[in-house]
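First comes the structure, then the notes that go with it.
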């Protein structure tokens, strides 16, 4: 989760900063109190669908854990993955799921959590696994027509959705190939290691002892993926996943009261928590003997502690941490927008820009500044998009160049900033601090640089022609009027 120095969560500092900005709006800028508050309320309202998705995902994870869905994916994943290809496979799997679902958050919270467990069993560092999960999840989210940000960016810029997606291929595919090469190289670093077969078997044994493990564990994730592929909105799609998992839980003897508890507070580990918390090895041996488990007590205690930390997740209440962060960040963003702070700051850096690469670079920098200051992925797309729309029209660049840039940075870098809502969520569900996984999330920080570089080289640059048509040209200078 996003924390500052001394282990303090970011909620209170952001809320206090928001109050300071609101006071400046009202007392220094002489804005009406009602107008300032309305700006904050409008900003918060824009985040409510995401907050509702967060709460549903919390319910989903809790029930998926108890029904053995995520534990089952971990169990079987240990049989089919190897360290040499794990970083690459993790990114590819998450990319495919996020493309189908249109949601990086759902991908991180479901298959991402399962892959964290598999990576742990294979000896891959947790930060590396989390970085690969984030890279894949945000590639799929960025490129999926079902994604909210993929629809938001062209709506702000004023162009067609699929023109926007095709334009993004010019920046995203080269970055993806670089990521593949690096992840293969990193995977080779684990290829020479001997798998700890005894440890992997111990993990599978303890999972099977606590959960009902079968290949049916793939059904609920497939339901969510198919629902999204059929253009079912995110919330109904997640609800379908919850319904299927509830049915599976009922077949395992889970009561309706336990279902409510799982949805509210998440899954609380049973056997693995008892083994991990046992006072001594004699107590561990006794617990294992009761279940007929033949493992060395020391090994069983070690893997049980790992499994207990991994599966003790979910619930609506734990997700309120991220919901509260979203509300505080969006309120601050609304106050900043009401006072025109971002607009003044970001407008100043566009003066004198004469090349397409320079305009793209300033747009990307603006999105990054927006993510830094507002903590909101949405505001980092909306505010620069509104501000630069006229500038792009004057320069002769096609609107798809603006929408592409908004996603290349606004969407991707949000998860790299610890106090951003997206980063707080990813860190929370994956259990790895933002600054730990960020170096391994290659796609997220490489894509903005690739976007700037290819534009300066005149590659994949789309221009609006005098007749209104759009044409790709190897041209770098913008219209003279826009450079003034």
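In the numbering used here, the protein residues as written are 13 to 496. C-beta atoms are modelled at their ideal positions from N, C-alpha and C, and glycine is treated no differently.
How would you label residue 91, buried or exposed, when you count the other beta carbons within 10 angstroms and need 16 or more for buried?
exposed
Strand pairing of residue 482, partner residues [DSSP]
476
Closest residue to residue 202 among 132, 306, 298, 453 (Cα-Cα distance):
132
Would you please state the rounded distance, in angstroms, between the beta carbons of residue 179 and residue 412? I believe it to be under 8 Å.
4 Å
Helix, strand or coil for residue 469? Go by DSSP, reduced to three states.
coil
Less than 8 Å between the beta carbons of residue 76 and residue 437, yes or no?
no
Looking at the secondary structure, which residues open and close the alpha helix (DSSP H) in which residue 50 lies?
45-78
Complete beta strand (DSSP E) runs within the segment 406-462 (minimum length 3 residues, chain order)
none
If you draw a straight line from the alpha carbon of residue 384 to that of residue 428, how long is it in whole angstroms?
10 Å
How big is the Cα-Cα spacing for residue 261 and residue 267?
8 Å
Could you tell me if the beta carbon of residue 484 falls within a distance shorter than 7 Å of some heavy atom in the ligand NAP?
In the structure on display, the ligand NAP does not appear, and there are no ligands present to speak of.
With 16 as the cutoff for other CB atoms within 10 Å, does residue 493 come out buried or exposed?
Residue confidence for residue 493 is low, a pLDDT of 45 falling below 50, so the modelled location carries little weight; the figure read from the coordinates is stated next. It is exposed - the Cβ of residue 493 has fewer than 16 other Cβ atoms within 10 Å.
What is the DSSP secondary structure of residue 27, counted as helix, strand or coil?
helix
Which parts of the segment 208-232 are runs of the alpha helix (DSSP H), unbroken and 4 residues or longer, counting only runs that do not cross its ends?
209-222
CA-to-CA distance, residue 306 to residue 296, given in whole angstroms:
11 Å
Could you pull the start and end residues of the alpha helix (DSSP H) that residue 242 belongs to?
Per DSSP, residue 242 belongs to no alpha helix (DSSP H) and is neither H nor E.
Could you compute how far the alpha carbon of residue 481 sits from the alpha carbon of residue 475?
8 Å
Residues in the same chain with beta-carbon distance under 6 Å from residue 24, minus the five sequence neighbours each way, listed in chain order, please.
none
Please say whether residue 371 and residue 397 have beta carbons closer to each other than 8 Å?
no
If the criterion is Cβ atoms closer than 8 Å, does the pair residue 340 and residue 52 meet it?
no
Smallest Cα separation from residue 390: which of 210, 45, 55?
55
In terms of residues, what are the limits of the alpha helix (DSSP H) holding residue 87?
81-92
Within the continuous alpha helix (DSSP H) that includes residue 141, where are the two ends?
138-155
Ends of the alpha helix (DSSP H) at residue 96?
Per DSSP, residue 96 belongs to no alpha helix (DSSP H) and is neither H nor E.
I'd like the span of the alpha helix (DSSP H) that includes residue 272, first residue to last.
268-277
Close-in-space but distant-in-sequence residues of the same chain around residue 251 (CB under 8 Å, 5 per side omitted)
68
By a C-beta neighbour count over all protein chains shown, 10 Å radius and 16 as the cutoff for buried, is residue 274 buried or exposed?
buried
Please report the distance separating the alpha-carbon of residue 271 from that of residue 402.
52 Å
Residue 473 to residue 369 span [Cα, whole Å]
9 Å
What is the DSSP secondary structure of residue 159, counted as helix, strand or coil?
coil
Tell whether a beta-carbon distance below 8 Å holds between residue 287 and residue 313.
yes
Contacts around residue 199, its chain only, beta-carbon distance under 8 Å, and the 5 residues preceding and following it disregarded
95, 96, 97, 98, 99, 100
Measuring CA to CA, which of 145, 484, 136 is closest to residue 469?
484
Just the C-alpha distance for residue 300 and residue 311, rounded to the nearest angstrom, thanks.
11 Å
When the distance is taken between beta carbons, is residue 420 closer than 8 Å to residue 460?
yes
Nearest candidate by alpha-carbon position, reference residue 424, set 231, 142, 152:
152
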